[in-house]
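Residue numbers (the working numbering): 367 to 522. All C-beta atoms, glycine included, are put in the ideal place defined by N, C-alpha and C. See structure below.
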Amino acid sequence: MANSNISDFKEKLISYCEKFRHPSLTKFGDTKIYDLFPRSKNGCLVSDEIHEAWPSKFPYADSPGVYAFLNDRGIVEYIGKANNLGKRLCSYTKYEKKGNTDSGCKLSSDWKVVPRYIAVVSVPKDSWFEILSLEGYLIEILNPPQNTQGTPILTV
């Protein structure tokens, strides 16, 4: 599914839960979307879809989960997983302060298309083992252009 957007991401997340998750498992955390560059005016997502700028205290910092980087048009560019979302996402980004001024987000990785948003789904610690299958499922179905290494682990 080329050019998948945030709605596709959320829809496929629901599909994964319906097809593969046992009802007794703790539910995933709400999908949250953060704007990496909130002062920039060229983003396309409307304000009710975004949970503002990157929070000073990330709500899922110690949780396992899956994340998606989206471009400024809201298209999913990359999907990844993490045993610790806070540490993993901090490895991609950093915020710099110069004196009392926040100079904003700096991306620490090279990107073919610079991401504008991050969508984050926390996976409960009691089902941390699901992050690999959830990531594989979303990559296989959504086919983000910057997920180019390796081969799919899941046939859907």
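Per DSSP, cross-strand counterpart(s) of residue i
i	result
Thr459	Leu473
Val442	Leu436
Asn371	Ile441
Residue range of the beta strand (DSSP E) that includes residue i
i	result
Ile399	Lys398 to Asp401
Ser488	Tyr483 to Ser488
Coarse secondary structure for residue i, derived from DSSP in three states
i	result
Gly452	helix
Gly395	coil
Lys447	strand
Same chain, Cβ closer than 7 angstroms to residue i, neighbours up to 5 away in sequence not counted
i	result
Ser488	Phe394, Gly395, Tyr426, Ser429, Gly431 and Leu451
Lys524	This structure cannot speak to residue 524, because the chain is shown only from 367 to 522.
Other residues of its chain near residue i: CB distance less than 6 angstroms, five sequence neighbours each side excluded
i	result
Ile519	Confidence is the limiting factor: at Ile519 the pLDDT is only 49, short of 50, which leaves the residue's position unreliable and the question unanswerable from this model.
Enclosing alpha helix (DSSP H) for residue i [first to last residue]
i	result
Tyr426	That residue, Tyr426, is in no alpha helix (DSSP H); it is neither H nor E in DSSP.
Ser499	Glu496 to Leu508
Same chain, Cβ closer than 8 angstroms to residue i, five either side skipped, listed in chain order
i	result
Pro481	Leu402, Phe435, Leu436, Asn437, Glu443, Tyr444 and Leu473
Could you tell me whether the region 498 to 512 touches the region 368 to 387, using the rule of 3 or more Cβ pairs below 8 angstroms? Touching, yes.
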